[in-house]
Structures are given as structure tokens and as C-alpha cells.
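Residue numbers (my numbering): 11 to 286.
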């Protein structure tokens, strides 16, 4: 039976905040959850937590992700990818392989949200069904930043946060009554619904349903935030946000800002684990 759930939002480099919280949970052996769900960076952070690999993802944020090979905005204009996920996945899996046995033996169920490129719909997959490294890569394949969908069993997928930025509805649908949600945006943040997404429409013209999902994403995001604050009767949701002056963006590479956000997350994780 599922009673409690941990839900982790994505956000690329902003995810170092939830990484700090989860590393604190590991140090305190805090794992009261029956279900863990994440998308994009949130799913990757959960993989380190469930594998019991303290600071694995911290090293990815503060070392591998800061290497010039990974983030290069100018590659896009040359027909390449802003984010070289192929290189990042190859080197981190080789040098810091995930403990897949520990993930499988963890008592909590683990779901990774991915967006189908052909339908624009969210799907939640389990590592037992699909190799975890491939699943996490698919959930992190942000359209425009990484041009081609990742194929899993022949089906094209992209970043799970496109269709479901904060996958709390799935936790409720699976029976969770107490839900902890780790966000990567301040509590006051609302997504701008006025964007026209012309570039997305041009680059993703072969995936019109995915483009439509991207166009609806801001409204869906804002509705989900309101759902967190006004859940159905019998559902308790605790939302953990970074501070209002949170300075990280999706592609931030300032090590000082990253370290500060990680430590802030650690402090919050300490309080949660201590019952505060």
C-alpha cells in the first residue's frame, strides 16, 4: 500500500537545491516514503538517493556539468545540442555507475516521468521495465537544448517536465495521502503564459502534439502549483521551495551560487529529517 510519497520537480541546474535535501536525507537515513516520483533533474536526484550514493549528483552538478563539453549555447546555432547529454551520460555512468541493485532493493517504489514525443503525454516508467540510465536520459532530454528524442523500446521520449513539471497528481492517483514535494522554484513563482514558443514550433515541427503540450505547459504548471496549496480532502502536501531570492537558472554555471543552493538544501533536509 502507498501512503506517503516524495515528489521531486526538475529544473536542470536548479535541481542542486533538491540534491542537497536528498543528500541530507541519506546522511540521516531518512526514508519514510512508499513512493518516489521525479521528472528530469528531479528523477536523476532521486536515483542517487535511492541508490544510497551520497553526493553522486552533487559531483555531477559541481564538476561534470561545469565542464565546457556539457553546456555550450553556441552549439545550437551550428545545428548541435546546447546540452551534450550523450557525453554526460557516458562519462558519469562509466566513472560513477549507479548502484542499480540498491535502487531495486529500496523499499520505495520509483517512477520516472517521461513525455512521449509523438503524443505529448506523460508516462511513468519503472527502472525494472527500462534500463535506468536510458530512462533518466530520456527524462532529461529538454527539447531545443537536446534536439533528438531518446528512444525507449522504439518509442521517442523527451523531458518528463514538459508534460508534467510537478508530478504530484500521479502520487495522489496511486494512493498517497501524505506527500512531500521538493520544488526548484520559489513559492511565489508562476510561469508566464504569454510565450508563443515559435522556436519550439519550428524545431519540433515533426512533433505537433508535443508542441501543443509545450504551449499549454505554463497554464498547467500554474494550475499544479494551486493544487499543491489546495489539495483534495484527505491529502496532505508539504511543499519545500528554495528562497525567494533564489538566483539559479536552468543553465547556471556559477559554482558559488550552486554551492550556496546545495548547502541551503542540506540545511532544510536536516530540519525535515529531525522532524522540524
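Yeah, the Cβ is synthetic: ideal placement off N, Cα and C, and Gly gets one too. Here the structure is a predicted model, which is why all the values come from computation and not from measurement.
- Going by beta carbons, residue 282 and residue 180 fall outside the 7 Å limit.
- A distance of 7 Å or more separates the beta carbons of residue 14 and residue 35.
- Taking a C-beta distance under 7 Å as the contact criterion, residue 193 and residue 251 qualify as a contact pair.
- DSSP assignment within the stretch 131 to 200 yields the following whole alpha helix (DSSP H) runs of 4 residues or more, N-terminal first: 142 to 149, 170 to 173, 178 to 183.
- Considering only 92, 169, 127, the residue with the shortest C-alpha distance to residue 53 is 169.
- Annotation for residue 249: the continuous beta strand (DSSP E) segment containing it runs 246 to 250.
- In the structure shown, the three-state DSSP call for residue 237 is helix.
- Between residue 156 and residue 95, the CB-CB gap stays under 7 Å.
- Separation of the CB atoms of residue 124 and residue 138 is rounded to 15 Å, and the pair is thereby denied contact status at 8 Å.
- Within the same chain, and ignoring the five residues on either side of residue 190 in sequence, the residues whose Cβ sits closer than 6 Å to its Cβ are 16, 248.
- Contact between residue 23 and residue 260 holds, with the beta-carbon distance rounding to 6 Å and staying under 8 Å.
- In the DSSP assignment, residue 16 falls within the unbroken beta strand (DSSP E) covering 14 to 18.
- Contact between residue 263 and residue 76 holds, since their C-beta atoms are separated by about 5 Å, short of 8 Å.
- Counting only residues of its own chain and dropping the five nearest sequence neighbours on each side, residue 79 has a CB closer than 7 Å to the CB of 94, 97.
- DSSP places residue 120 in no alpha helix (DSSP H) but in the uninterrupted beta strand (DSSP E) bounded by 119 to 126.
- Annotated as proximal: residue 56 and residue 18, with beta-carbon spacing under 7 Å.
- Residue 162 counts as buried, since no fewer than 16 other beta carbons sit within 10 angstroms of its beta carbon.
- Assigned with DSSP and collapsed to three states, residue 261 falls in coil, not helix or strand.
- Pairing residue 68 with residue 81, the inter-Cα distance amounts to about 17 Å.
- Exclusion of the five residues before and after residue 58 leaves 66, 67 as the residues of its chain whose Cβ lies within less than 6 Å of its Cβ.
- Closest in alpha carbon position to residue 203, among 212, 230, 217, is 230.
- As summarised for the stretch 30 to 95, the continuous beta strand (DSSP E) elements at least 3 residues long and confined to that stretch are 45 to 49, given in chain order.
- Excluding the 5 residues flanking it on each side, residue 113 has same chain C-beta neighbours closer than 7 Å at 57, 60, 61, 120, 137, 142, in chain order.
- Using a Cβ distance threshold of 7 Å, residue 148 and residue 160 count as a contacting pair.
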